[in-house]
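Top to bottom, those sequences are chains A and B. Using this note's numbering, read the first sequence as starting at 2 and increasing by one per residue. Using this note's numbering, read the second sequence as starting at 10 and increasing by one per residue. Think of the CB as a built atom: it goes at the ideal place given N, C-alpha and C, for glycine as much as any other residue. Data block below; observations after.
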Amino acid sequence: MSTVELAAQMITSFLGAAGFALLFNAPKRTLIPCGLIGMFGWVLYYVLAEHGIDIVPATVLAAILVAVLTQICAKVYKTPIIIFIVGGIIPLVPGGMAYNAMRHFVENDYNIAIEYSVKVMLLSGGIGFGLMFSEIINQIIKRSWK
Amino acid sequence: MTNVLLARINQAFTGCLSLATIAGGSVTSPYTGNILAIMKKVMTKVGEQMEDRQLIAKTCILAGKIMLESGAETYRVEDTMNRIAAAYGLHDAQSYATPTGIHFATESASIPGFVRISKRTTDLEKIADVNSISRAIAAGQHTVADAHSLLLNLRQVNQMYPVWLQLAAAAVASGSFTIMFGGVWMDFLPALLAGGGGFATMLVMERFLQIRFMAEFIASLVIGLLALFFVYIGFGMVLDKIIIGAVMPLVPGLPITNAVRDLMAGHLVAGVSKGVEALLTACAIGAGVATVLTFL
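Structure, rendered in structure tokens:
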């Protein structure tokens, strides 16, 4: 993994996340934070995956990071969490994997297709788990501060 | 003590008598005016309270309706409605939101309690606006009437970004996702064009077709054909990566996140229905691309 590659990933993930936030009509002042959250989540995933860590735990960790950053941003900007979470989580959605599954189904290659489908399900579950985990931490912090 | 009591009873009695006679137009007691004024006050107070309660309920339902139409999580909608109700003193309010309708109930039966949600879009800015209005209400900055008219205005305002900007964002995001999913830079421009074309098709089709899934199917079909065309003429390199990047703007990101968050909050009905919505959309996209791939 070269620096140039990493920089390219950072720029594209920022553009992708911010673009998605714009499509969902997020308020103007939140577009850049949305892009940054998406970028940090994706870079963590990318670096972990490049270092040979399985993509499922990498996705879980990235989703946790995204969720934590989202909680902070929602506090700072006094907006609902949903605004930041959509843009941030989008890069982690296993679109490529789902595409491969569908493609092999079309080619009557059911064994490989099911393999990919299970992976997609695991990754989606991983994203959900990551979001849930940070919510739990958030609640624990709230409880203990009170 | 007894004297005083007797005097009071006497007063009340004359009051009643005079009330009875006032219909005929004759005034017989000096107390009549007083009692009438008090009764009038009480009646108007009761009427005002009824109207107030109705307006509070209307405001709550309107806030919930705007949020649901803009694609908020249902638990958030219920929370906001309850907060607004509590801020105006309706502590017994119960709300139940699903993606297609809201129930709202208080102890008094005269308040209308059900609204159907027929059209659903994605507008995060409106969610944020309703949120800030509800914060201001909780801080006691708006009267009920003010809040109601603010929400009515908000519902009519169109704050969507201009279409060209949406198209540009979809196109740039498509190109970016192609690179992120391991594509080569040669494919950035083809993916950008295919993604933009697909999103434009989606916007146009949504106007003509009532069925959203059909619009998504046609949009992804167009993306597949465009990508195939670009690869065929040698403009694009890897068909798979171009298609993956280009279909990303159609991916139901908001329903997926909402489904997860609603299920986490224990809103099983809303979570499952949002999840099914996301699944159907994903299937529509997959079917559109698959149709193209079968021609290969």
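query = Which residue from B:G262, B:W173, B:A147 and B:L161 puts its Cα closest to that of K92 (chain B)?
reply = Before going on, a small fix: residue 92 (chain B) reads as Arg here, not Lys. That would be B:A147, whose Cα lies nearest to the Cα of R92 (chain B).
Y104 (chain B), DSSP secondary structure in three states = The sequence given here places Ser at residue 104 (chain B); Tyr does not occur at that position. Three-state result, S104 (chain B): strand.
query = By a C-beta neighbour count over all protein chains shown, 10 Å radius and 16 as the cutoff for buried, is N140 (chain B) buried or exposed?
reply = Label assigned to N140 (chain B): buried.
task = Please state if the CB of G110 (chain B) and the CB of R125 (chain B) are separated by a distance shorter than 9 Å.
result = With contacts defined as CB atoms closer than 9 Å, R125 (chain B) and G110 (chain B) qualify as a contacting pair.
query = Using a C-beta cutoff of 9 Å, does T303 (chain B) count as contacting chain A?
reply = yes
Where V100 (chain A) meets chain B, residues with beta-carbon distance less than 9 Å = Before going on, a small fix: residue 100 (chain A) reads as Tyr here, not Val. Correct list: F190, D249, I252, I253, V256, G295 and V298.
task = Using a Cβ cut-off of 8 Å, pull out every chain A residue sitting near D196 (chain B), in sequence order please.
result = Those do not exist, as D196 (chain B) stays about 12 Å from chain A at its closest Cβ, beyond 8 Å.
query = In chain A, which residues lie less than 7 Å from E134 (chain B) when you measure between Cβ atoms?
reply = N26, A27 and P28
ask   = How would you call A32 (chain B), buried or exposed, if buried means at least 16 neighbouring beta carbons within 10 angstroms?
value = Confidence in A32 (chain B) is poor, its pLDDT being 49 and thus under 50, which makes the residue's placement unreliable; the coordinate value appears in the next sentence. Exposed.
request  = Using DSSP bridges, identify the partner residues of G110 (chain B).
outcome  = Looking at the DSSP assignment, G110 (chain B) forms a beta bridge with B:T107 and B:R125.
key: Backbone secondary structure at I138 (chain A) - three-state DSSP   = helix
ask   = Just to confirm, are S3 (chain A) and V44 (chain A) a CB contact at a threshold of 9 Å?
value = Contact flag unset, no.
query = chain A partners of Y170 (chain B), CB-CB under 7 Å?
reply = Neighbours of Y170 (chain B) on chain A, chain order: L23 and N26.
message = Suppose contacts are defined by Cβ-Cβ distances below 9 Å. Is L176 (chain B) in contact with F25 (chain A) by that definition?
response = no
inquiry  = I want to see whether chain B comes within less than 9 Å of T13 (chain A), judged by CB atoms only; does it?
reply    = Output row for T13 (chain A): interface = yes.
Under 8 Å by beta carbon: chain D residues contacting N91 (chain B) = In summary, chain D is missing from the structure at hand, where the protein chains are A and B.
query = Does DSSP classify I113 (chain A) as helix, strand or coil?
reply = helix
ask   = Roughly how far, in whole angstroms, is the beta-carbon of S143 (chain B) from the beta-carbon of P258 (chain B), given that I think they are within contact range, below 8 Å?
value = In fact, because the Cβ distance is near 31 Å, the residues do not count as touching under 8 Å.
message = Only counting the same chain, and skipping five residues up and downstream in sequence, which positions put a Cβ closer than 8 Å to that of G233 (chain B)?
response = Contacts found: I252, G297, V298, T300, V301 and L302.
inquiry  = Less than 9 Å between the beta carbons of G96 (chain A) and V260 (chain B), yes or no?
reply    = yes
inquiry  = Starting from S158 (chain B), trace the alpha helix (DSSP H) in both directions and tell me its first and last residue.
reply    = Judged by DSSP secondary structure, S158 (chain B) falls within the alpha helix (DSSP H) whose first and last residues are V153 to Q165.
Listed by chain order, chain B residues near E136 (chain A) by CB distance under 7 Å = M273
task = Count the CB pairs spanning the segment 58-74 of chain B and the segment 86-106 of chain B that are closer than 8 Å, and state whether there are at least three.
result = yes
Cα-Cα separation between L70 (chain A) and I38 (chain A), rounded to whole angstroms = Rounded to the nearest whole angstrom, the CA to CA distance from L70 (chain A) to I38 (chain A) is 7 Å.
query = Sorted by chain position, which residues of the same chain lie with C-beta nearer than 7 Å to F113 (chain A)'s C-beta, five sequence neighbours on each side aside?
reply = Checking the sequence shown, residue 113 (chain A) turns out to be Ile, not Phe. The answer, listed in chain order, is H105.
task = Output, in sequence order along the chain, the residues in the segment 62-95 of chain B whose CB is closer than 7 Å to any CB in chain A.
result = A81, E82 and R85
request  = Let me know if G275 (chain B) comes out buried or exposed under the rule of 16 or more other beta-carbons within 10 Å of its beta-carbon.
outcome  = exposed
query = Under 9 Å between C-beta atoms, does A32 (chain B) make it to chain A?
reply = Its pLDDT being 49, under 50, A32 (chain B) is placed unreliably by the model, and the measurement read from it follows with that caveat. Cβ-Cβ to chain A under 9 Å: no for A32 (chain B).
ask   = Which residues in the same chain as I142 (chain A) place their Cβ atom closer than 8 Å to its Cβ, once the five residues preceding and following it in sequence are excluded?
value = none
query = Of all Cβ atoms in chain B, is any one closer than 9 Å to the Cβ of A114 (chain A)?
reply = no
Element boundaries [alpha helix (DSSP H), containing F197 (chain B)] = F197 to F217
message = For chain A, check one thing: does any of its Cβ atoms lie closer than 9 Å to the Cβ of A291 (chain B)?
response = yes
key: Every unbroken beta strand (DSSP E) within the segment 4-40 of chain A, with a cutoff of 3 residues, ordered by chain   = none
ask   = Closest Cβ-Cβ distance between E286 (chain B) and chain A: below 9 Å?
value = Contacts with chain A at 9 Å (Cβ-Cβ) do not include E286 (chain B).
query = Along chain A, in chain order, which residues have C-beta atoms closer than 8 Å to that of L174 (chain B)?
reply = L23
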